[in-house]
Amino acid sequence: MILPVIMAGGSGTRLWPLSRGNYPKQFLKLIGNQTMLQQTISRLHGIEHNPAMLICNEEHRFIAAEQLRQLDIEHSGIFLEPVGRNTAPAIALAAFKALENNKDPLLLVLAADHIIEDQQAFHRAVIEATELAEHGKLVTFGIVGDKPETGYGYIKRGEALQHGFVVDAFVEKPDSATAKQYIGSGKYYWNSGMFLFKASRYLEELKVFRPDIYAACEKAIAVQSSDLEFIRVDKAAFEACPDESIDYAVMENTKDAVVVPMDAGWSDVGGFAALWEVSSHDENGNAFKGDVKAVDTKNTLVFGEDKLVATVGVQDLVIVNTKDAVLVAHKDKSQEVKAIVNQLKVEERSEVTFHREVYRPWGKYDSVDNGERFQVKRITVKPGAKLSVQMHHHRAEHWIVVSGTAKVQIDDTEQYVTENQSVYIPITAVHALENPGKVDLELIEVQSGSYLGEDDIVRFEDRYGRVK
5 MILPVIMAGG SGTRLWPLSR GNYPKQFLKL IGNQTMLQQT ISRLHGIEHN PAMLICNEEH
65 RFIAAEQLRQ LDIEHSGIFL EPVGRNTAPA IALAAFKALE NNKDPLLLVL AADHIIEDQQ
125 AFHRAVIEAT ELAEHGKLVT FGIVGDKPET GYGYIKRGEA LQHGFVVDAF VEKPDSATAK
185 QYIGSGKYYW NSGMFLFKAS RYLEELKVFR PDIYAACEKA IAVQSSDLEF IRVDKAAFEA
245 CPDESIDYAV MENTKDAVVV PMDAGWSDVG GFAALWEVSS HDENGNAFKG DVKAVDTKNT
305 LVFGEDKLVA TVGVQDLVIV NTKDAVLVAH KDKSQEVKAI VNQLKVEERS EVTFHREVYR
365 PWGKYDSVDN GERFQVKRIT VKPGAKLSVQ MHHHRAEHWI VVSGTAKVQI DDTEQYVTEN
425 QSVYIPITAV HALENPGKVD LELIEVQSGS YLGEDDIVRF EDRYGRVK
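Residue numbers 5 to 472, in the working numbering, belong to the letters of the sequence shown in order.
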């Protein structure tokens, strides 16, 4: 049986300001009405498989859990990496976990941030790879390229083997001339980063070629803890694990590597030019999302988040408007967005990591305005959700309910606050906010005080496991 393992730990810096540290591209709706993570899981429909296992970073756990909940499907748990250690250790954790119940499933390793337009072709490739994997081969899926792409690594095929080919070589990202030779020869595929193999076979090869990674992951998973749907491993053991990709650790060394071709309209959406390519275009080659008005505009990508974006007499541009940042780039230079991100990191700008709108397990908040001693937020609390019981040393808060009903605890008293009513929470008062209703609770929070940082929160109780 196939066990899908969805890798959802990337940062997606080349799609800034849409994608940021606390909300990277795999959680965004870039194409269609589902996020990239949701599309990855949805395209498994039609393949017989066990509920998928997700691997993501600790800070993304509630975003991932909420997006899985929206799909209303079973899953096999959400593995939380205490630190990023690349794909070889992450897959090792999944493999050790898969073997716990005396089963040895085929791990279908997929990235959560890929686009695949032809779902049936994807299914065919997975089915064709299954027999090879059942016989102990470590299968990677090679994308049938339609152009000399320099942004991908390549896989050179060797002799034919059933529905695939023995891997002759893994090749680093080539220059333009070399990429043209690769595509022209018909012997090279783009390296997709998708795999299929038995859990046991992967661990056997990892133990041979990278016993240090094997030992660190074995030690890490020996000390597991679970809360809600999250699976944690020993932090110290995993931190000691080397940072290495599955390609370098195993696939380039094993004699059992096999490539199965896949021609399915695949893209890793590695930048805005790639996003423009996989988007729907109007008669002028434009791809617009949001409130956009265009005159004499061609081959341009526009993302408008919260306001009207108007273009006149431009072409081949990328224009991205979010609530707190605007990006304008030539489409041919869009890969260099990463340089802007690096500048912002040096300057320790919050826009690298945070959107103005921040998601929490109970809902979300939008930082509408702020000044020297005040901050205004719009808060949305999901039905049945509750913020932690907490207090602040440096700020007081006013809550004004816009819609819905709030159940408010302030020290030893409880009260219900409804639309157009407000309540005041003094400094150091122990308080909590809950939505007892069946619709979203919307309120405006006005904070005032000498310090307004998120680290001025002392939690006493929390249903989401955030009290240590």
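Glycine included, each C-beta is placed from N, C-alpha and C at the ideal position.
Distance, residue j Cα to residue i Cα
i, j, result
"residue 329", "residue 337", "18 Å"
"residue 308", "residue 345", "20 Å"
"residue 218", "residue 339", "35 Å"
"residue 275", "residue 220", "34 Å"
"residue 354", "residue 372", "15 Å"
"residue 278", "residue 310", "23 Å"
"residue 258", "residue 28", "32 Å"
"residue 26", "residue 126", "30 Å"
"residue 162", "residue 185", "17 Å"
"residue 81", "residue 189", "43 Å"
"residue 4", "residue 234", "This structure cannot speak to residue 4, because the chain is shown only from 5 to 472."
"residue 215", "residue 252", "13 Å"
"residue 249", "residue 92", "5 Å"
"residue 427", "residue 223", "50 Å"
DSSP three-state assignment for residue i, whether helix, strand or coil
i, result
"residue 344", "helix"
"residue 9", "strand"
"residue 353", "coil"
"residue 44", "helix"
"residue 238", "coil"
"residue 381", "strand"
"residue 174", "strand"
"residue 218", "helix"
"residue 332", "strand"
"residue 223", "helix"
"residue 145", "strand"
"residue 156", "coil"
Beta-carbon proximity of residue i to residue j, cut-off 8 Å
i, j, result
"residue 456", "residue 410", "no"
"residue 305", "residue 270", "no"
"residue 203", "residue 94", "no"
"residue 170", "residue 158", "no"
"residue 39", "residue 48", "no"
"residue 408", "residue 386", "no"
"residue 13", "residue 85", "yes"
"residue 56", "residue 10", "yes"
"residue 289", "residue 297", "no"
"residue 7", "residue 54", "yes"
"residue 312", "residue 295", "yes"
Status (buried if at least 16 other CB within 10 Å, exposed otherwise) for residue i
i, result
"residue 3", "There is no way to answer for residue 3, as the model of the chain reaches only from 5 to 472."
"residue 254", "buried"
"residue 397", "exposed"
"residue 5", "exposed"
"residue 343", "exposed"
"residue 141", "buried"
"residue 374", "exposed"
"residue 439", "buried"
Residue ranges of each beta strand (DSSP E) run of no fewer than 3 residues wholly in the stretch 245-315, ordered along the chain? Listed in chain order, the complete beta strand (DSSP E) runs (minimum 3 residues) inside the stretch 245-315 are 261-266, 291-293, 296-299, 305-308.
At 4 residues or longer, and completely inside the stretch 400-470: list those alpha helix (DSSP H) runs for me, N to C. Counting only runs of 4 or more residues that sit fully inside the stretch 400-470, no alpha helix (DSSP H) segment turns up.
Pick out the complete alpha helix (DSSP H) segments inside the stretch 48-121, 4 residues or longer, and give them in chain order. Taking only runs of at least 4 residues, the alpha helix (DSSP H) segments lying wholly in the stretch 48-121 are 65-75, 91-102.
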